[in-house]
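Residue numbers (mature numbering (1 follows the signal peptide of the UniProt record, and there is no 0)): -22 to -1, 1 to 162. By construction, the Cβ of each residue, glycine as well, lies at the ideal position given by its N, Cα and C atoms. Shown next, in structure tokens, is the structure this report addresses.
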Ligand SMILES: *[C@@H]1O[C@H](CO)[C@@H](O)[C@H](O)[C@H]1NC(C)=O
């Protein structure tokens, strides 16, 4: 009896945590305050970071840089590949750019500063829809989901470090997964 009742409350707690984990999150680009710049090496590539994050609709991504010294351009895939800065979809140069993802799919960002995109200051963000659990894999390291999939968003791969998630959703998610393992 005691066991089943405590299982129930754990399950309840888990569900609450799962909902908290599914709430929109703010991500700092690259997980650090000064990541929007020409990368010092290929291993520093912003896309490596972006691939580890499961971006969802309504999440925000924050680009920090020195206003007037750099800018953020959202561009088409073609312009991303060719580093063409002449016809951006959106342009930001306020130094603390916070973009909101309002639809799923890829978002392409390049620096508007001459020569920066060519040197690797560019990033692709793949946004999955809130409900879709069969979206294209964002992270090659994503763990296979256990059970029937009832867990929903809680089994989504969490960011590499809790610090990436400003609102701490990643930590909650990790706690939820641990509790789920204890319960099931
Ligand atoms: C950039 O795009 C514009 C508009 O599509 C085009 O006219 C221009 O030739 C392109 N520039 C380069 C360098 O590809």
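Report task. Mind reading off the beta-carbon distance from residue 69 to residue 51? Whole number of angstroms is fine, and I expect it under 8 angstroms. Result -> Looking up residue 69 in the chain shown gives position 91. Looking up residue 51 in the chain shown gives position 73. 5 angstroms between Cβ atoms; contact.
Query - Sheet register partners of residue 43 (DSSP bridge) - result: In the chain shown, the residue the question calls residue 43 occupies position 65. DSSP output for residue 43 lists no bridge partner at all.
Query - Residues sharing a beta bridge with residue 84, DSSP - result: Residue 84 sits at position 106 when you count from the first residue of the chain shown. Per DSSP, 104.
Query raised in the report: Under the criterion of a Cβ to heavy atom distance below 7 angstroms, does residue 64 qualify as lining ligand 1?
Result: As a working mapping, residue 64 is identified with position 86 in the chain shown. Yes, ligand 1 has a heavy atom inside 7 angstroms of this Cβ.
Query raised in the report: Distance, Cα to Cα, residue -14 vs residue 37?
Result: The residue you call residue -14 lines up with position 9 of the chain shown. The residue you call residue 37 lines up with position 59 of the chain shown. If you take the alpha carbons of residue -14 and residue 37, they lie about 30 angstroms apart.
Requested in this report: Please go through the same chain and pick out, in chain order, the residues whose beta-carbon is closer than 7 angstroms to the beta-carbon of residue 126, but skip the five residues on each side of it.
Outcome: What you label residue 126 is simply residue 148 of the chain shown in a count that begins at 1. At residue 126, the pLDDT of 45 sits below 50, so the modelled position is not reliable and the matter cannot be decided from this model.
Query raised in the report: In terms of alpha-carbon separation, which member of 86, 104, 82 lies closest to residue 66?
Result: Within the chain shown, the letter at position 88 stands for residue 66. Per the Cα distances, 86.
Report task. Drop a sphere of 10 angstroms on the beta-carbon of residue 39, count the other beta-carbons inside from all chains shown, and report buried for 16 or more, exposed for fewer. Result -> As a first step, residue 39 is located in the chain shown; it is residue number 61 there, counting from the start. That one is buried.
Report task. With residue 74 as the anchor, note down where its alpha helix (DSSP H) starts and where it stops. Result -> The sequence position of residue 74 within the chain shown is 96, counting from 1. Counting along the chain, residue 74 falls outside any alpha helix (DSSP H), though it belongs to the beta strand (DSSP E) covering 74 to 78.
Requested in this report: Identify, in the order they occur along the chain, each residue of the same chain with its Cβ nearer than 8 angstroms to the Cβ of residue 79, setting aside the five sequence neighbours on each side.
Outcome: For the purposes of this step, residue 79 is taken as residue 101 along the chain shown, with counting starting at 1. Counting only Cβ-Cβ distances below 8 angstroms, and skipping sequence neighbours, we find 33, 34, 35, 36, 37, 38, 39, 85, 103, 105.
Query raised in the report: If you follow the alpha helix (DSSP H) that residue 24 is part of, which residue opens it and which one closes it?
Result: Sequence index remark: in the chain shown, residue 24 carries index 46 (1-based). 24 to 28 is the span of the alpha helix (DSSP H), which, as asked, contains residue 24.
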